[in-house]
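Working notes, beginning with the structure itself.
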Amino acid sequence: MLQTVKLMALPLLDLQAAISAEIEANPALELVERDDTPDNLQTKDLDGADINYLEEDSDPGYTHSNSDKSVSEFIEGTQTNKESLIDHLINQLRLCKLTEEETLIGELLINNLDSNGFHITKIDDLFLDSQMKIVNKVIDIIHQLDPIGVCVNDIYESLIVQAKILGRYPYGTIEILSESMDLITKGKKKLIMEKYDLSIEDIEDIYDYLKTLNPHPTAEFTTGYSNYIIPEAHVTKEGKSINVYLKEENIPSLTINKEFEEYKETDNKDVNRFAKKSINSANSFIQAINMRNSTLLKTINSIVKNQKEFFLFGPGNIKPLTRKEIALETELSESTISRISSDKYIQTDWGIYNLKYFFSNAIVSSQSGRDHSKESVKEIVKNIIIENKSEKKLSDQQISNILKERGINLARRTVSKYRKELNLLSSYERQ
Numbered sequence: 013m014l015q016t017v018k019l020m021a022l023p024l025l026d027l028q029a030a031i032s033a034e035i036e037a038n039p040a041l042e043l044v045e046r047d048d049t050p051d052n053l054q055t056k057d058l059d060g061a062d063i064n065y066l067e068e069d070s071d072p073g074y075t076h077s078n079s080d081k082s083v084s085e086f087i088e089g090t091q092t093n094k095e096s097l098i099d100h101l102i103n104q105l106r107l108c109k110l111t112e113e114e115t116l117i118g119e120l121l122i123n124n125l126d127s128n129g130f131h132i133t134k135i136d137d138l139f140l141d142s143q144m145k146i147v148n149k150v151i152d153i154i155h156q157l158d159p160i161g162v163c164v165n166d167i168y169e170s171l172i173v174q175a176k177i178l179g180r181y182p183y184g185t186i187e188i189l190s191e192s193m194d195l196i197t198k199g200k201k202k203l204i205m206e207k208y209d210l211s212i213e214d215i216e217d218i219y220d221y222l223k224t225l226n227p228h229p230t231a232e233f234t235t236g237y238s239n240y241i242i243p244e245a246h247v248t249k250e251g252k253s254i255n256v257y258l259k260e261e262n263i264p265s266l267t268i269n270k271e272f273e274e275y276k277e278t279d280n281k282d283v284n285r286f287a288k289k290s291i292n293s294a295n296s297f298i299q300a301i302n303m304r305n306s307t308l309l310k311t312i313n314s315i316v317k318n319q320k321e322f323f324l325f326g327p328g329n330i331k332p333l334t335r336k337e338i339a340l341e342t343e344l345s346e347s348t349i350s351r352i353s354s355d356k357y358i359q360t361d362w363g364i365y366n367l368k369y370f371f372s373n374a375i376v377s378s379q380s381g382r383d384h385s386k387e388s389v390k391e392i393v394k395n396i397i398i399e400n401k402s403e404k405k406l407s408d409q410q411i412s413n414i415l416k417e418r419g420i421n422l423a424r425r426t427v428s429k430y431r432k433e434l435n436l437l438s439s440y441e442r443q
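For what it's worth, our numbering labels the leading residue of the sequence shown as 13, then goes sequentially.
This is the structure:
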């Protein structure tokens, strides 16, 4: 179960590395050469738009290994030489004296970290309540690994972890970091003094101490791979039809070594026992890979169904959609949807998109009663700025007014926020 959960959370390149490592470790596993003929997996009519689910075997944009090359050779071609944060932490974790379950939980926790060392999926969604005692123990161990301050929820928790481990912090530091970080960032020293009954000298000591902590402990590490983004599926439109091609050639196909199976019949008890254990482990790994792929297909299927207008007509047509809605439709848990959509990419007619892009709450309600997603409104803001590029530059308030005329109520400060997220300059900076 934990192995399946771990593999679901892995992005494609990490999954390839995990498969390579498993093949090296388990002699019962072997690679299978793929048939060059793509298989039609599923065809479905969807409210007048056909969606065809296919397995695609080649991609002119990427070169994969020949049949006589191992999966490890393929992966070596895409990895960078600099050690990644994930590898760095896992290598240290394996040196700790942990049980098999603790090690597996630790690897799952580490693989659930983003480039800042923060949890991608909430811990409560990754584990059962009955496991939390062990999980918290392992988290405490990871906190002490290098770099200190990862496996946390946010930068504030990172600073707290660093302070606790490094020690010698001034009185009140942990309490203030836990409760009043907003006052610290705003420089509200007087309010902090009054709230915690501290002197100005105490406050200055705390500020000086905080300057010794690292707000970006993961900065020196890579994500583990070069900046290649390899889509796990292609979604294309042909008229009113939407085709989904799974890029399964990027995931090596595995089977049980037939010669190794013969060892199960030997009279040597040790060999017999080792063979059975290896084969059982191999079967579990293959099942976990298959579960990941089928869950990914099911999730993409549901996303395409719910975001049909985007795939047919392009950006600006994203509808409000939550992971909970996809979970209900696919009969999967919300945490499973969160894991399977993390760091997974699909190629569309409009570019390559992270699956997370298609999830957006209904945050803007128009006068017509139609809900808009954040992404669709950002696209409208971008188009307004582009349309007025040659004329007098529009201020954020003017953009807000134009949106209101179109039936979308969006405050000036929200326009400013969206503009910054789109990396678009202000009217003053665009002069």
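Cβ atoms here follow ideal geometry from the backbone N, Cα and C, with glycine treated the same way.
Item to complete: Kindly indicate the opening and closing residues of the beta strand (DSSP E) around TYR257.
Response: 253 to 258
Discussion item. Under 8 Å, with one C-beta from each stretch per pair, do the segment 319 to 326 and the segment 259 to 274 reach the 3-pair mark?
Written reply: no
Practice prompt. In angstroms with no decimal places, state the Cα-to-Cα distance between ARG351 and LYS249.
Written response: 27 Å
Worksheet item: Cβ of LEU189 within 7 Å of Cβ of LEU203?
Response: No, these two residues do not count as a Cβ contact at 7 Å.
Item to complete: Give every residue of the same chain whose Cβ lies closer than 6 Å to the Cβ of LEU157, excluding the five residues on either side of it in the sequence, and list them in chain order.
Response: LEU101, GLN104
Worksheet item: For GLN28, does the count of other Cβ atoms within 10 angstroms reach 16, so buried, or fall short, so exposed?
Response: Buried is the call here.
Worksheet entry | Host beta strand (DSSP E) of LYS249 (start-end) | 245 to 250
Worksheet entry | GLN143 versus ASP137 - alpha carbon distance | 12 Å
Item to complete: Grab the span of the alpha helix (DSSP H) containing GLN174 for me, first residue to last.
Response: 167 to 178
Worksheet entry | Residues near SER339 in its chain [Cβ-Cβ closer than 8 Å; skip 5 each side] | Just to set this straight, residue 339 is Ala in the shown sequence, not Ser. So the list reads SER345, GLU346, THR348, ILE349, once near-sequence residues are dropped.
Worksheet item: Three or more C-beta pairs closer than 8 Å, one from the segment 291 to 304 and one from the segment 34 to 44: is that the case here?
Response: yes
Worksheet item: DSSP state of ASN52, grouped into three classes?
Response: Reliability of the predicted coordinates at ASN52 is poor, the pLDDT of 38 falling under 50, and no value is obtained from them.
Worksheet item: GLU261: which of TYR275, THR197, PRO243, GLY129 sits nearest, CA to CA?
Response: Nearest C-alpha to GLU261: PRO243.
Worksheet item: By how many angstroms is the C-alpha of LYS368 removed from the C-alpha of THR111?
Response: 34 Å
Discussion item. Among ILE132, LYS176, ILE146, whose alpha-carbon lies nearest the alpha-carbon of ASN165?
Written reply: ILE132
Worksheet entry | Whole-angstrom distance between LEU125 and LEU358, CA atom to CA atom | Per the sequence presented here, residue 358 reads as Ile, with Leu not at that position. Distance between the alpha carbons of ILE358 and LEU125 is about 21 Å.
Discussion item. Distance check for GLY184 and PRO23, CA to CA, integer angstroms please.
Written reply: 41 Å
Discussion item. If you reduce the DSSP assignment to three classes, tell me which class ASP360 lands in.
Written reply: In the sequence as presented, Asp is not what sits at residue 360; that position holds Thr. DSSP places THR360 in strand when its eight states are reduced to three.
Fill in: ASN123 burial status per 10 Å Cβ neighbour count (16 or more: buried)
ASN123 comes out buried.
Item to complete: From the DSSP output, in three-state form, read off SER127 for me.
Response: When DSSP states are grouped into helix, strand and coil, SER127 belongs to the coil group.
Worksheet item: If you drop the 5 nearest sequence neighbours on each side, which residues of the same chain put their C-beta closer than 7 Å to that of ALA273?
Response: A small correction: the amino acid at residue 273 is Glu; Ala does not occupy that position in the sequence shown. Taken in chain order, the residues that qualify are ILE291.
Worksheet item: Is there contact between the segment 222 to 232 and the segment 198 to 214, where contact requires at least three CB pairs shorter than 8 Å?
Response: no
Worksheet item: Distance, Cα to Cα, LYS145 vs ILE151?
Response: 10 Å
Worksheet item: Helix, strand or coil: how does DSSP classify ASN148 here?
Response: helix
Discussion item. As a quick exercise: from LYS134, ASN148, ASP141, pick the residue whose alpha carbon is nearest that of GLY118.
Written reply: The residue with the shortest Cα to Cα distance from GLY118 is ASN148.
Practice prompt. Over the uninterrupted beta strand (DSSP E) stretch that includes THR267, give me the two end residues.
Written response: Per DSSP, the unbroken beta strand (DSSP E) holding THR267 starts and ends at 265 to 268.
Worksheet item: Can you give the Cα-Cα distance for SER428 and LEU434, rounded to whole angstroms?
Response: The alpha-carbon separation between SER428 and LEU434 amounts to approximately 10 Å.
Worksheet item: If you draw a straight line from the C-alpha of ALA21 to the C-alpha of SER353, how long is it?
Response: 8 Å
Worksheet item: Going straight from the alpha carbon of VAL393 to that of GLU417, what length do you get?
Response: 13 Å
Discussion item. By the three-class DSSP mapping on this structure, what secondary structure does SER372 have?
Written reply: strand
Worksheet entry | Whole-number beta carbon distance between LYS320 and ILE254, since they are thought to touch under 8 Å | With 8 Å as the limit, ILE254 and LYS320 qualify as a contact, their Cβ atoms being about 7 Å apart.
Worksheet item: Out of curiosity, what's the CA-to-CA distance linking VAL247 and VAL256?
Response: 4 Å
Worksheet item: So, using beta-carbon positions, are ILE411 and ILE396 closer together than 7 Å?
Response: yes
Practice prompt. Count the other CB atoms, across all protein chains shown, that sit within 10 Å of the CB of THR197; report buried if there are 16 or more and exposed otherwise.
Written response: exposed
Fill in: Identity of the residues DSSP links to TYR365 by a beta bridge
ILE358
Item to complete: Taking 7 Å as the cut-off, decide whether the C-beta atoms of ILE177 and ILE160 are in contact.
Response: yes
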